[in-house]
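Protein chains in written order, with the UniProt record's numbering: chain A, 1 to 292; chain B, 1 to 272.
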């Protein structure tokens, strides 16, 4: 009877298609990125192995560093600006009784929509002549701002759009953690006379610390691979001021025909992402955990 | 009193979420660009439903919609079938050491930033002569969704009590029969979640669809709309109608299955 579930033929048959697809479309590209990252290649002519040349080039390429800086800007914005807003709104939702389900459902909506569509939508909002934002600001006498084509405002405009798309997603994550705190714990605090502010900062936030760390980790990983929102809104422009690593990679590979160099950047994105999330996990792991 | 204040803050946030959609909805029914520019906040003076017809036919939104739908469904079905079979083999069949290895191997895929595969994958796609075919999207979509899908399905299947299988085995069912007749029917809830999540992900995907296809008639909805926006003399009313065609199906699915979607998206991401 135990033999039934030890049928090697069925086992192989059930695993093989997955393993094949997985190796072919994820495994092979990973290996190829590493391989071609060490070559000088335009994508057409035979490739020439050139050792660490591409990586040396990347490290002295100020445009690449600039694009990496924009990824860091993404991280900074999501942790310093977005996270407090997320926590505040999640705490508010957890403390109201009416419309709780409605708030949760509504805030989540932008995160299930296409980033391309959201980019177009916010293009309407940022449109200099007739966009909603400039029309609104005009009420207060603010002069026309070219949000996406001025190098001083383009990046922040993208960051706001990105935050608009993902804030609700993280609110729902945090909210689930808050609602998972045992009721008697919070009731005890109320009996002891804790104010809402005290209850939030001294009980709830320390208790949901693990999920806050997860949110930070997801924000960092998301920031490192930021791509489609930038591509749809500005294609990295004006003059590369909004380029992130991934858009820079695409431009080098597909527009400049620096296919080897593009692959080297792919490898760097991969390594930097693992490195930064690894460091972050190492830092946060040593913090004490509160059990309840 | 304090509660009213909380509701006011939350309602203003909801407004910030909803205003862009209301703006697009109104714009999609306005006469032309001039009416959108001169009266951006207001209600349409008359309802121009013909924008939807024009967008669907003349701006080829209909073609893009069909492409997106067909690609998303096929890729999600492939992920679902392969993912379910693999999860069954990994969690229910008695090859414990091998299964542990393959499970870890597949979950490694969650660490890979898929965006960085865009360039090397392009080479693979052209080598296989898949460039500018729908398979150039279906195969990567199906593959990239496998790790998280297998993670979700495995978590469910692992918890199924083995008494059910024991009874069925006494009745003479083989490993294949057990999968089809016992495990699959029980596993419908996570399978629905996985299918919907992958469908939404594929429906919304932009970058690969933008770089792996060149013919206009093959484009998906997100790429088609970005192209429409960037075209000369864009008709914003029709573009807005196009956005509605992309957003409304997602909102309909969401309104029916919101609990499953929220649960699935958050569970999958926390692991990833």
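Where is the CB? At the ideal position from N, CA and C, for every residue including glycine. Remember, predicted model here, so these are calculated numbers, not experimental data.
- At least 8 Å separates the CB of residue 155(A) from every CB of chain B.
- The alpha-carbon of residue 265(A) is positioned some 13 Å away from that of residue 114(B).
- When DSSP states are grouped into helix, strand and coil, residue 145(A) belongs to the coil group.
- Following the DSSP letters along the chain, one finds residue 224(B) inside the alpha helix (DSSP H) bounded by residues 221-230.
- Inter-residue distance for residue 101(B) and residue 150(B) is about 14 Å (C-alpha atoms, whole angstroms).
- At least one CB atom of chain B sits nearer than 8 Å to the CB of residue 249(A).
- Contact annotation: in the stretch 167-179 of chain A, residues whose CB is within less than 8 Å of a CB in chain B are 168, 169, 172, 173, 176.
- At a cut-off of 8 Å between beta-carbon atoms, residue 140(B) makes contact with chain A.
- Between residue 243(A) and residue 67(A), the CB-CB gap stays under 8 Å.
- Going by beta carbons, residue 122(B) and residue 212(B) fall inside the 8 Å limit.
- Buried is the label assigned to residue 228(A), since at least 16 other Cβ atoms lie within 10 Å of its Cβ.
- According to the DSSP assignment, residue 22(B) belongs to the alpha helix (DSSP H) that extends over 2-28.
- Taking the CA atoms as reference points, residue 112(A) sits about 11 Å from residue 196(B).
- Taken in chain order, the complete alpha helix (DSSP H) segments of 4 or more residues contained in the stretch 253-288 of chain A are 259-285.
- Per DSSP, the beta-bridge partners of residue 48(A) are 40(A).
- Taking the C-beta atoms as reference points, residue 200(A) is found no nearer than 8 Å to residue 36(B).
- Taking 8 Å as the threshold, the shortest C-beta distance from residue 242(A) to chain B does not fall below it.
- In this structure, DSSP gives residue 155(A) a helical state, which the three-state scheme calls helix.
- With a cut-off of 8 Å on Cβ pairs, the stretch 125-144 of chain B is not in contact with the stretch 182-190 of chain B, counting fewer than three such pairs.
- In the DSSP assignment, residue 61(A) falls outside any alpha helix (DSSP H), carrying neither H nor E.
- The alpha carbon of residue 205(A) has as its nearest neighbour, out of 120(A), 271(A), 180(A), 282(A), the alpha carbon of 180(A).
- Taking a cut-off of 8 Å for Cβ pairs, the stretch 97-113 of chain A and the stretch 154-170 of chain A touch, as three or more such pairs fall below it.
- The residue among 28(A), 96(A), 46(A), 4(A) with its C-alpha nearest the C-alpha of residue 5(B) is 96(A).
- DSSP, reduced to helix, strand and coil, places residue 112(B) outside both helices and strands of the structure shown, so it counts as coil.
- Shown here, residue 98(A) sits in coil according to DSSP, grouped into three states, outside any helix or strand.
- For residue 158(B), there are no neighbours in chain A by C-beta distance under 8 Å, as the nearest C-beta there is about 14 Å away.
- Neighbours of residue 175(B) in chain A, taken as residues at a C-beta separation under 7 Å, are given in chain order as 4, 5, 7, 10.
- For residue 103(A), the nearest CB of chain B lies under 8 Å from its own CB, placing it at the interface with that chain.
- When secondary structure is reduced to three states using DSSP, residue 233(A) falls in the helix class.
- Annotated as proximal: residue 223(A) and residue 75(A), with beta-carbon spacing under 8 Å.
- Residues of chain B whose Cβ lies closer than 9 Å to the Cβ of residue 263(A) are, in chain order, 119, 120, 123.
- With fewer than 16 other Cβ atoms from the protein chains shown falling within 10 Å of its own Cβ, residue 279(A) counts as exposed.
- Contact of residue 167(B) with chain A is not assigned, every C-beta pair being separated by 8 Å or more.
- Listed by position along chain A, the residues whose Cβ is nearer than 8 Å to that of residue 229(B) are 120, 123.
- Going by C-alpha positions, residue 259(A) is about 33 Å away from residue 281(A).
- Between residue 154(A) and residue 238(A) the beta-carbon gap is near 6 Å, inside 8 Å, which marks them as a contact.
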